[in-house]
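Engineer:
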Amino acid sequence: MDSFEINKIIAAIILVVAIVFGLDKVSERVFYAEKPEKPSYEVEVVAVSSSSTTSTSSEVDIKALMAMGDLDHGKKVFKKCAACHSINQGGGNKIGPKLWGVMFRPVGAVTDYKYSKALTSYGKEWSWEEMNGFLIKPSKWIKNNKMGFAGLKKERDRASVILYLNQNSDNPKELP
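Residue numbers 88 to 263, in our numbering, belong to the letters of the sequence shown in order.
#1: In terms of DSSP beta bridges, what is E212 paired with?
#2: Looking only at its own chain, which residues have a Cβ that is under 6 Å from the Cβ of C171, when we skip the five neighbours before and after it?
#3: Nearest by alpha-carbon distance to H160: which of P263, E261 and I249 is it?
#4: Give the C-beta separation of V197 and W213 to the nearest angstrom, bearing in mind that I take them to be a contact with Cβ-Cβ under 8 Å.
#5: Between K233 and V104, what straight-line distance do the alpha-carbon atoms span, to the nearest angstrom?
#6: If you draw a straight line from the C-alpha of K125 to the C-alpha of E115, how long is it?
#7: Going by CA-CA distance only, name the one from R192, E217 and K230 that's closest to A205.
#8: In its own chain, which residues sit with a C-beta less than 7 Å from the C-beta of A246, not counting the 5 before and 5 after it?
#9: Given a cut-off of 8 Å, decide if F191 and K260 are closer than it, judged by their beta-carbon atoms.
#10: Would you please verify whether the beta carbon of I223 is less than 8 Å from any beta carbon of chain C?
#11: Relative to the alpha-carbon of W215, which residue among I106, K122 and N253 has its alpha-carbon at the smallest distance?
#12: Please report the distance separating the alpha-carbon of I106 from that of E121.
#13: For W187 and K167, what's the separation of their Cα atoms in angstroms?
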């Protein structure tokens, strides 16, 4: 390659850089717009109360919540859970533990299932309040558990699933 070829390459690079910067400066002048001193509209931000359906167990009226539930509706909503959990008596574990008789047993108590450390060390039982809180958003209720379910936001759905879980037991508990 001779020096004439190198000069052409360098000239081409300089020309491209000049064109890019030149277009930038020209476009700033052509498309210049002054910013107004006062915005033409303002967005009002309204403070929202933090007490919503994702309340803690101490704030939930569990009697009123369970009154919203319906066993048939719970069976339908449980189909979301059935992808990972068995509800049949004598049913085995799937991706998640078997749920026959889950209500009022200790959290992480199925002996032939490998729970996360978060669930085995939780130290509570699946009461009405615990199950409700967990079903709202499992990853938030018990941090670092391995259940990848987003949760049930509707109170009726949660109440119905809890009724269904309670019913699928050797000795269902009386409603609160």
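Beta carbons: idealized from backbone N, C-alpha and C, even for Gly.
Keep in mind that this is a model prediction, so the values were computed, not measured.
Structural biologist: Straight from the coordinates:
#1: Along the sequence shown, read from residue 1 onward, the residue named residue 212 stands at position 125. Answer is P193.
#2: Counting from one through the sequence shown, the residue named residue 171 turns up at place 84. Counting only Cβ-Cβ distances below 6 Å, and skipping sequence neighbours, we find K181, I182 and G183.
#3: Walking along the sequence shown from the start, residue 160 turns up at place 73. Taking only the C-alpha atoms, the option nearest H160 is I249.
#4: As a first step, residue 197 must be located in the sequence shown, where it is residue number 110. As a first step, residue 213 must be located in the sequence shown, where it is residue number 126. Rounded, the Cβ-Cβ distance is 11 Å, inconsistent with contact.
#5: For the purposes of this step, residue 233 is taken as the residue at position 146 of the sequence shown. For the purposes of this step, residue 104 is taken as the residue at position 17 of the sequence shown. Spanning the two alpha carbons is a distance of roughly 54 Å.
#6: Here residue 125 refers to the residue found at position 38 when the sequence shown is read from its first residue. Here residue 115 refers to the residue found at position 28 when the sequence shown is read from its first residue. So the alpha carbons of these two residues sit roughly 23 Å apart.
#7: Working through the sequence shown from its first residue, we reach residue 205 at position 118. The residue with the shortest Cα to Cα distance from A205 is K230.
#8: The count along the sequence shown starts at 1 and reaches residue 246 at position 159. Excluding positions up to five away in sequence, the list reads L152, M153, M155 and G156.
#9: Along the sequence shown, read from residue 1 onward, the residue named residue 260 stands at position 173. Along the sequence shown, read from residue 1 onward, the residue named residue 191 stands at position 104. With contacts defined as CB atoms closer than 8 Å, K260 and F191 qualify as a contacting pair.
#10: No chain C is present in this structure, which holds just one protein chain.
#11: Indexing the sequence shown from 1 puts residue 215 at position 128. Nearest of I106, K122 and N253 to W215, Cα basis: N253.
#12: The residue labelled residue 106 in the question sits at position 19 within the sequence shown. The residue labelled residue 121 in the question sits at position 34 within the sequence shown. I106 and E121: Cα-Cα distance of roughly 26 Å.
#13: Here the question's residue 187 lines up with position 100 in the sequence shown. Here the question's residue 167 lines up with position 80 in the sequence shown. The alpha-carbon atoms of W187 and K167 are separated by roughly 16 Å.
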